[in-house]
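S.K.: The following block contains the structure, expressed as structure tokens.
In UniProt numbering, the protein residues as written are 1 to 372.
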């Protein structure tokens, strides 16, 4: 019994050491990403408020709304002009105090930052959710599932199709299909919304077989399956646009990884031993290339998050991208800041997931000071 304990003790200590290093690495990365999000959100607050100049526009709007409400109220018609002006000034003062516009912008910007990071996003100035809520959190939460559905589906589809297609092409190096993929790789330089415009023209107007925009038919169909079928029909065009814009360059890049590793000595040794080709591809080619493949995929995902605004606007997809576009048009600062905060969190989560997966998949990564 003591011999078994002595045998397992070093392994247990090694496992605890690895877990401790991974925990320290995780905490450090979280702190670094949190600081990055803080800086990005604060810059957004300063830019969205134009360094405080938006406050002057707000003051003009507050005075205009207060004067209009007093003049339009028949209860105040009997007042003299001086009394009405005093009433307007009192209402303006109350609104200024409520919005803290009498404080320096630097102090309010720090308070805005604290509220934004904690997702206490306040009330929208112009916009509201489909249910009528003016809370920025409710507006964003209502739009977030649509973005996650579209971009999550598209990226998973691109990942699995590209990996298996690239692995298949690595076995057919120099074939006609391989040369066609290489020739089509530069087509991925065009963003998804560019292909989306042509897809809409072709399949919604020339051959009207698919809806041009929206997420579901109007009025929405009753029943879960009918509703899901309608969402799927509306997803096909934006999904295809994103898929085409990323597919060929992903296949080309990952095919190169597979070709490099397939010529390694240990792969040739495995072939000489007579191992099945599927086993060789899975164990000696796919596994070593998994870390760089996931890295390129998640970096591609970061780029797709940033392109969500234009793509969703082209297809009128009711997600975060179109919400941010509408908020900019309405100059709704709380919604702009809230949307950027959510995008910042999504990007930070993507980068954090990349760091953790890379540390777990590649044993050569040094997690914390010590052994490699």
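All C-beta atoms, glycine included, are put in the ideal place defined by N, C-alpha and C.
Just so we're clear, the structure is a prediction, and the values are computed from it rather than from any experiment.
Determine contact between the region 159-168 and the region 282-297, defined as no fewer than three beta-carbon pairs at a distance below 8 Å.
M.R.: Touching, yes, given that three or more Cβ pairs across the two stretches are closer than 8 Å.
S.K.: Between which two residues does the alpha helix (DSSP H) containing residue 116 stretch?
M.R.: Position 116 of the chain shown holds residue 116. Residue 116 -> alpha helix (DSSP H) spans 105-117.
S.K.: Assuming the contact rule is C-beta atoms closer than 8 Å, residue 210 and residue 232 should be a hit. Round their C-beta distance to whole Å, please.
M.R.: The residue labelled residue 210 in the question sits at position 210 within the chain shown. The residue labelled residue 232 in the question sits at position 232 within the chain shown. In fact, because the Cβ distance is near 10 Å, the residues do not count as touching under 8 Å.
S.K.: Could you have a look at residue 233 and say whether DSSP puts it in helix, strand or coil?
M.R.: Position 233 of the chain shown holds residue 233. Residue 233 falls in the helix class under three-state DSSP.
S.K.: Counting along the chain, where does the alpha helix (DSSP H) carrying residue 319 start and finish?
M.R.: What you label residue 319 is simply residue 319 of the chain shown in a count that begins at 1. Segment: none, residue 319 is in no alpha helix (DSSP H) and carries neither H nor E.
S.K.: So, are the CB atoms of residue 315 and residue 191 less than 7 Å apart?
M.R.: In the chain shown, residue 315 corresponds to position 315, counting from 1. In the chain shown, residue 191 corresponds to position 191, counting from 1. Not a contact, by the Cβ cut-off of 7 Å.
S.K.: Tell me the DSSP bridge mates of residue 135?
M.R.: For this step, residue 135 is matched to residue 135 along the chain shown. 123.
S.K.: With distance defined between alpha-carbon atoms, name the residue in 354, 333, 352, 345 nearest to residue 135.
M.R.: Here residue 135 is taken as the residue at index 135 of the chain shown, counted from 1. It is 333.
S.K.: Cα-Cα, which of 70, 308, 86, 36 is closest to residue 155?
M.R.: Counting from 1 along the chain shown, the entry for residue 155 is found at position 155. If we check each option's Cα against that of residue 155, 308 comes out closest.
S.K.: On the CB-based measure, 16 or more other CB atoms within 10 Å of its CB, does residue 312 come out buried or exposed?
M.R.: Sequence index remark: in the chain shown, residue 312 carries index 312 (1-based). Burial call: buried.
S.K.: Is residue 90 helix, strand or coil by DSSP?
M.R.: As a first step, residue 90 must be located in the chain shown, where it is residue number 90. The answer is helix: DSSP assigns residue 90 an H, G or I state.
S.K.: Leaving aside the five residues before and after residue 142 along the sequence, list all residues of the same chain whose C-beta is less than 7 Å from its C-beta, in chain order.
M.R.: Within the chain shown, numbered from 1, the residue matching residue 142 stands at position 142. The residues are 129, 130.
S.K.: Quick one: what does DSSP say residue 75 is sitting in, helix, strand or coil?
M.R.: Within the chain shown, numbered from 1, the residue matching residue 75 stands at position 75. Three-state result, residue 75: helix.
S.K.: Just checking my contact of residue 257 with residue 293 at CB under 8 Å: how many whole Å lie between their CB atoms?
M.R.: Position 257 of the chain shown, counting from 1, holds the residue named residue 257. Position 293 of the chain shown, counting from 1, holds the residue named residue 293. The pair is a contact, with the Cβ atoms about 6 Å apart (cut-off 8 Å).
S.K.: What number of angstroms, rounded off, separates the C-alpha of residue 276 from the C-alpha of residue 266?
M.R.: Residue 276 sits at position 276 when you count from the first residue of the chain shown. Residue 266 sits at position 266 when you count from the first residue of the chain shown. Distance between the alpha carbons of residue 276 and residue 266: 14 Å.
S.K.: With DSSP run on the structure shown, which of helix, strand or coil describes residue 146?
M.R.: By 1-based counting over the chain shown, the position of residue 146 is 146. Residue 146: helix per DSSP, three-state reduction.
S.K.: Return the CA-CA distance between residue 71 and residue 60, expressed in angstroms with no decimal places.
M.R.: Here residue 71 refers to the residue found at position 71 of the chain shown. Here residue 60 refers to the residue found at position 60 of the chain shown. Looking at the two C-alpha atoms, the distance is approximately 16 Å.
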